[in-house]
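Taking it in order: structure first as structure tokens, then the write-up.
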Amino acid sequence: MANHESLLNIFFEEMGMDDSGVKLNALRTLSEVATSVGPEVTASSLLPFLQDVAKEPEDDVLLLLAEQVGCLVDILDGNTQLLLPVLEELATAEEPSVRGKAVDSIIIVLDNLDQESIKENYLPMLARLSAGNWFTSKISACSLFSPVYPKLEDGDKLSIRTIFYGLCADNLPMVRKAAAENLPNLVTQLSLELTKQEILPLFNELATDKQDSVRLCSVGNVVALLNILDEADVDQYVKPILLDYCNDPAWRVRWMVADKFEDICNARNVAVINSIIPSNYVNLLCDSEAEVRTAAASHLTGVCSTLELELILSSVIPCIKRLANDESKFVRASLAKSITGIPEIIGRENTVNNLIEIFLEMLKDDFPDVRLNFINDLSNITEIIGIDELSQHLLHAITKLAQDLNWRVRLKIIESIPVLAPLLGVEKFNERLAPLCLTWLGDRVCAIRDASTENLKNLTALFGVEWAKEHIFPQINRFSKHPNYLYRMTTLFAISSLSTVVDTKTLSDDLFPLVLGLVNDPVPNIRLNVCKTMGKISQSDINQEVTEIIAEKLEQLKADQDSDVYYFAMLAQNE
Amino acid sequence: MIITDVNKNDWEQQANNYYTNTGNNWEFSQMFGEEDDASSSEISSESSEENCISSLTFDQSGRFLAVGYNCGQVVVLTQQNDQTYQLYTEFKSHDSAFDFLTSMEIEEKINMIKWYPFSNDKAQRLMTTNDKTVKLFKMWEHSSDDERTDVIVRPWKTYEGGHVYNINSVSFNSDGQLFISTDDLRINLWDVNTSTETFGIVDIKPDNMDDLVEVITCSDFHPQHCNVLIYATSKGIVRMSDMRASAKCDNHTKEFEDADSELGGFFHELVSTISDTHFSPCGRFLVSRDYLTMKVWDTRMEKEPWKVVKFHDHLIPRLCDLYENDCIFDKFECSWSGNSMRVLTGSYNNNFYIADIFGDFSGGESTSINSFTAARPGVVNQYDFSSQLDCSQKVVHTAWHPEEDIIALGANDFGYLYIRNTENDTEEMEIV
């Protein structure tokens, strides 16, 4: 008992300090403290204390508190409603992330509540938050209706809905916005009758709200209603609003529609609105605002997979052609990402007839992201049309990207190599790309050198050890004797990486000697990496002889003057 | 694009009715600031520079008045039952900082204060800005156990790193979520909840800085429409942008420029730079204050201003002197009355003007504008402008209570509150 008490006291003391680092550390032990003092003491001492902590100003502390309180559910099993007061306090915090965590924790607690607790604790809390003086509590309340709804009796259901509708019509736009965002979650739980009676008028109000931010967040309701209502109602009530949305004067609203368009196309009752889908999608693709075009283009594959071939060819393809030459580089990059799914939808012949030029243009685009996005998903295209048409331009594009001045671009292309290599086949690869892979080993930027060693491993796994021996090993050999120590380091990293994919004999005969040669290197950095590499090698399949030599050399290095070398030698010995 | 129908004649008739039925006489109510002997002003001029008022703002209900100072201090006053204001709380908003890249000091002077548009009776949010950093404070009343009520002010968000040039204004959007901060060349759009990102929506910086001819001096969001904002420039132009039309608002929707400016010559550009601009509370009009005039525009008509109010013509012959002593660069503020009927602005000699802005300004001695002097009663009589012009005494900062006829004036380190004399009012006027 004494032990637990002192644990609690230490906790209180640390939480009372000024240093927020100390507080955060203390909070991370909350579950432990609660477990050791037991549920009664937790309820009587710990929770009231936490309620005061919840009033403190530091957002970091509040965020962690919100999270940790959710973890106390198991400890208070049977009495979890006691956690609600602290969480209610946190749900009124200024900082949205704190409120979000508090809401998440409240929902965790909810799962643990029985009917009586819900009625006596949860519902009153919800009512208080919804009537809160400061708007932050109302915003939090909006997310707490749909989780509890299925657990309620009819009488309570009605009163809860009423409160929620009140929030949807609140004076403050921020509250209406939060309510609009959460409405779909509630709608999915209502009967058809109720939806028609109560939700439709609300939907109308929100969709025509004067504040852009509210209209923007109600677009999600369109999808929900499309899935629930029957055809006649969709035609009468939802279709006109969707049309209004597509033509809204605010570009942010149109952006939201573009973003949700795929969901709309996959909704249950989409047949009813089929007549307006293609034309409106094309409008969004050709919108005056680049942001909207970008959003629309990113869903190209998703939307087209729901359209008929004829429509795609007649309406969407001409649009794509225009987008490929769009003045905004972000639009083109977005198109490059999503266009790779199109060949599968329209088939080989149509692709060859219509899209090849666009692909070639993309490979030559000024903006590196366009080229990169396209290349990343190339396999989808080549499956349909094969590689030959593109290979010339493809190789040219890859070469150009590999030498781009921006190292992040170079990095991305290296990461795509293992995907591209099998598409091209060994011969083409050897011809054009193998030399590139080797120059990357010697790149000025360390991240590139690291990525390229990883790359070599993948290529070896793909093309086989013999290929590696012929194309890669000579370069590694040269590097191991390079005057600049950074290149010698690269050798060690490469060997570490390759050790997992080559066979025992190759490892012992070809690669290990290089490592041995560096044991007595003058630069300590090299020597400590030798230790690391040896440790790595000994984890693969190696023969007895090599094991003995490693043990011997590690002993030798343990006696090294440099303390870091000693440390890593020790570490390696333990492996 | 926006704006309900306001028939010019109807509005002017309503306005003239209002002016006839309510007098335009203002009386001293209160003074606040460091008590300072007028005679010893030279000795204490250095410390009083710090204590100079740099901004004044009422909140949406008029219950609070925030006063910002050159020294970075913010004082909040609250309205009492007798219409006077008492100290509610004060806090240090900004400290001076050193910008290492340019080796320049960043002053702690508060350039602008704005109240968050939504509040309750116990808690408010207050936004302040100096040259480089915008801050949002939460202010609330805390009742402790022994029944004392304390006012607590906590900084909640700091929006820094958004501006290379000096910030001149901030403005909240009516949606309660967005706000703009404006410097000489750019306007940034922020979300209140996010201090790590901002979106540049207006950028008038030329590619070659040698081509720079125009800077932005102030900006304002429309009070009701969440998508409309205006910004004014040193060329005397007010531009209106619609955030719905496109992501970047560089292409303005409307441009309000008075081509008929009579004063030509050397001083033309200097006096036409706009020092302050605001939408009217009803949202139908906007006013711009330049050195010599105030111009009221109907937001639907760009061709010419609805009214041009000239009240500084007596300064025209002295422009040379004013240029010599740098006073020609003074930036005077202006404020609308809560019912959009009158406009207040300050001037030299501690004078301030209140204009019946939709009244008749044509020809002769205009009766539509009254001038008063901000001073403790019995201290100073009204100056005759033709004889003496005291440029060190100037009412630069102004604010008008949103619901009542109470005005606040900032003149150097003193603040004044004036109330309209309602003795001769004939009837209660409601403005539609």
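These protein sequence lines map, in sequence, to chains Y and X.
Each number in our numbering comes from the position in the first sequence (counting from 1) with 1444 added on.
Each number in our numbering comes from the position in the second sequence (counting from 1) with 2 added on.
Where is the CB? At the ideal position from N, CA and C, for every residue including glycine.
Using a Cβ-Cβ cut-off of less than 7 angstroms, list which residues of the segment 1683-1714 of chain Y approach chain X; keep chain order. P1693, A1694 and W1695
Decide if N19 (chain X) is buried, meaning its Cβ has at least 16 other Cβ atoms within 10 Å, or exposed. For the purposes of this step, residue 19 (chain X) is taken as residue 17 along the second sequence, with counting starting at 1. Exposed, because fewer than 16 other Cβ atoms sit within 10 Å of the Cβ of N19 (chain X).
Any alpha helix (DSSP H) of 4 or more consecutive residues that is wholly inside the segment 1725-1786 of chain Y: 1734-1742, 1744-1748, 1761-1768 and 1773-1782
7 angstroms Cβ cut-off: residues of chain Y touching N195 (chain X): As a working note, residue 195 (chain X) is residue 193 in the second sequence. Chain Y residues near N195 (chain X): P1540.
Could you name the residues of the same chain whose beta carbon sits closer than 7 angstroms to that of A2016 (chain Y), not counting the 5 residues immediately before and after it, in chain order? Taking the first residue of the first sequence as position 1, residue 2016 (chain Y) is located at position 572. So the list reads C1975, K1976, M1978, G1979 and L1998, once near-sequence residues are dropped.
I'd like to know if S248 (chain X) contacts chain Y, where contact means its C-beta is closer than 7 angstroms to some C-beta of that chain. Walking along the second sequence from the start, residue 248 (chain X) turns up at place 246. Closer than 7 angstroms to some Cβ of chain Y, the Cβ of S248 (chain X) qualifies, so yes.
Please name the residue in Y:A1694, Y:P1693 and Y:L1686 whose C-alpha comes closest to that of F1705 (chain Y). Translated into the one-based positions of the first sequence, residue 1705 (chain Y) becomes position 261. Checking every option, the nearest Cα to that of F1705 (chain Y) belongs to Y:L1686.
State the Cα-Cα distance for the pair H96 (chain X) and V298 (chain X), rounded to the nearest angstrom. As a position in the second sequence, residue 96 (chain X) is number 94, starting the count at 1. As a position in the second sequence, residue 298 (chain X) is number 296, starting the count at 1. Rounded to the nearest angstrom, the two C-alpha atoms are 34 angstroms apart.
What is the residue span of the beta strand (DSSP E) that M129 (chain X) lies within? In the second sequence, the residue the question calls residue 129 (chain X) occupies position 127. Looking at the DSSP string, the run of the beta strand (DSSP E) that includes M129 (chain X) is A125 to T131.
Quick check on the DSSP output: the alpha helix (DSSP H) that includes N1824 (chain Y) runs from which residue to which? Taking the first sequence and counting its residues from 1, the one referred to as residue 1824 (chain Y) is at position 380. First-last of the alpha helix (DSSP H) with N1824 (chain Y): L1822 to I1829.
Residues in the same chain with beta-carbon distance under 7 angstroms from T59 (chain X), minus the five sequence neighbours each way, listed in chain order, please. Position 57 of the second sequence holds residue 59 (chain X). Closer than 7 angstroms at the Cβ level, and outside the excluded window around T59 (chain X), lie A68, I115, K116, W117 and A401.
Reference L2021 (chain Y), options Y:C1612, Y:V1497 and Y:N1556, closest by Cα: Look at the range of chain Y in this structure, 1445 to 2019, and you will see that residue 2021 (chain Y) is not part of it.
Quick check on DSSP: helix, strand or coil for D213 (chain X)? To locate residue 213 (chain X), count along the second sequence from 1; it is residue 211. D213 (chain X) falls in the helix class under three-state DSSP.
Residues of chain X with CB closer than 8 angstroms to the CB of M1618 (chain Y), please, in chain order. The residue given as residue 1618 (chain Y) occupies position 174 in the first sequence. Simply F120, D177, G178 and Q179.
Under 7 angstroms, do F120 (chain X) and L1838 (chain Y) count as touching if we go by C-beta distance? The residue labelled residue 120 (chain X) in the question sits at position 118 within the second sequence. The residue labelled residue 1838 (chain Y) in the question sits at position 394 within the first sequence. No; because the gap between Cβ atoms is not below 7 angstroms, this pair is not in contact.
Thinking just about the alpha-carbon of each residue, which of Y:V1477, Y:K1499 and Y:S1723 is nearest to the one in S1489 (chain Y)? As a first step, residue 1489 (chain Y) must be located in the first sequence, where it is residue number 45. That would be Y:V1477, whose Cα lies nearest to the Cα of S1489 (chain Y).
Could you please give me the residues that DSSP links to R241 (chain X) through a beta bridge? As a working mapping, residue 241 (chain X) is identified with position 239 in the second sequence. For R241 (chain X), which the question treats as bridged, DSSP gives the partners X:Y233 and X:E257.
Name the two residues that bound the continuous beta strand (DSSP E) containing L89 (chain X). Position 87 of the second sequence, counting from 1, holds the residue named residue 89 (chain X). Counting along the chain, the beta strand (DSSP E) containing L89 (chain X) begins and ends at Y87 to K94.
Among X:L79, X:N72 and X:W28, the one whose alpha carbon lies nearest that of E425 (chain X): Translated into the one-based positions of the second sequence, residue 425 (chain X) becomes position 423. Answer by Cα proximity: X:W28.
Beta carbons nearer than 8 angstroms to chain Y: which residues of the segment 156-177 of chain X have them? R156, W158, S176 and D177
So M141 (chain X) is in the beta strand (DSSP E); what residue range does that whole segment cover? Sequence index remark: in the second sequence, residue 141 (chain X) carries index 139 (1-based). Taken as a continuous stretch (DSSP letters only), the beta strand (DSSP E) holding M141 (chain X) covers V136 to S145.
Using a C-beta to C-beta distance shorter than 9 angstroms, which residues of chain Y count as neighbours of N253 (chain X)? As a working note, residue 253 (chain X) is residue 251 in the second sequence. By Cβ distance, chain Y contributes nothing, its closest Cβ being about 11 angstroms from N253 (chain X), past 9 angstroms.
Spatially closest choice to S339 (chain X) from X:D292, X:N351 and X:G285, by CA coordinates: As a working mapping, residue 339 (chain X) is identified with position 337 in the second sequence. That would be X:G285, whose Cα lies nearest to the Cα of S339 (chain X).
Determine, using beta carbons only, whether R330 (chain X) and V345 (chain X) come nearer to each other than 7 angstroms. Residue mapping note: residue 330 (chain X) aligns to position 328 of the second sequence, counting from 1. Residue mapping note: residue 345 (chain X) aligns to position 343 of the second sequence, counting from 1. The amino acid occupying residue 330 (chain X) in the given sequence is Ile; Arg does not appear at that position. The answer is no: Cβ separation not under 7 angstroms.
If you draw a straight line from the alpha carbon of D415 (chain X) to that of E1500 (chain Y), how long is it in whole angstroms? Position 413 of the second sequence, counted from the start, is the residue given in the question as residue 415 (chain X). Position 56 of the first sequence, counted from the start, is the residue given in the question as residue 1500 (chain Y). One C-alpha to the other measures close to 36 angstroms.
What in chain X is Cβ-close to E1735 (chain Y), meaning under 9 angstroms? Here residue 1735 (chain Y) refers to the residue found at position 291 of the first sequence. By Cβ distance, chain X contributes S248 and A249.
For a cutoff of 7 angstroms on Cβ pairs, would you count C284 (chain X) as touching chain Y? In the second sequence, residue 284 (chain X) corresponds to position 282, counting from 1. Taking Cβ atoms only, chain Y never reaches closer than 7 angstroms to C284 (chain X), which makes this a no.
Which residue spans inside the segment 277-308 of chain X form an unbroken beta strand (DSSP E) run of at least 3? 278-281, 287-291 and 295-300
Beta-carbon within less than 7 angstroms of T428 (chain X)'s beta-carbon, same chain only, minus the 5 sequence neighbours each way: which residues are those? Position 426 of the second sequence, counted from the start, is the residue given in the question as residue 428 (chain X). Same-chain partners within the cutoff: N23.
Within 9 angstroms of chain Y by C-beta, residues of the segment 225-245 of chain X in sequence order: Q226, H227, C228, N229, D244 and M245
Run through the DSSP bridge pairs and tell me what T375 (chain X) is partnered with. Within the second sequence, residue 375 (chain X) is the residue found at index 373, counting from 1. X:N353, per the DSSP bridge assignment.
Per the contact definition of three or more C-beta pairs closer than 8 angstroms, is the segment 1624-1643 of chain Y in contact with the segment 1663-1673 of chain Y? yes
Anything in chain X within Cβ reach of N1577 (chain Y), meaning under 9 angstroms, just list it in chain order. Along the first sequence, one-based indexing puts residue 1577 (chain Y) at 133. Result: N122, D123, K124 and A125.
For K140 (chain X), go through chain Y and note every residue whose CB falls closer than 7 angstroms to its CB, in chain order. In the second sequence, counting from the first residue as 1, residue 140 (chain X) sits at position 138. E1538, listed in chain order.
Apart from the five residues just before and just after M1700 (chain Y), which ones in its own chain have a Cβ nearer than 6 angstroms to its Cβ? On the first sequence, position 256 is the one that residue 1700 (chain Y) refers to. Closer than 6 angstroms at the Cβ level, and outside the excluded window around M1700 (chain Y), lie L1660 and V1663.
Is DSSP giving W1911 (chain Y) helix, strand or coil here? The count along the first sequence starts at 1 and reaches residue 1911 (chain Y) at position 467. W1911 (chain Y): helix per DSSP, three-state reduction.
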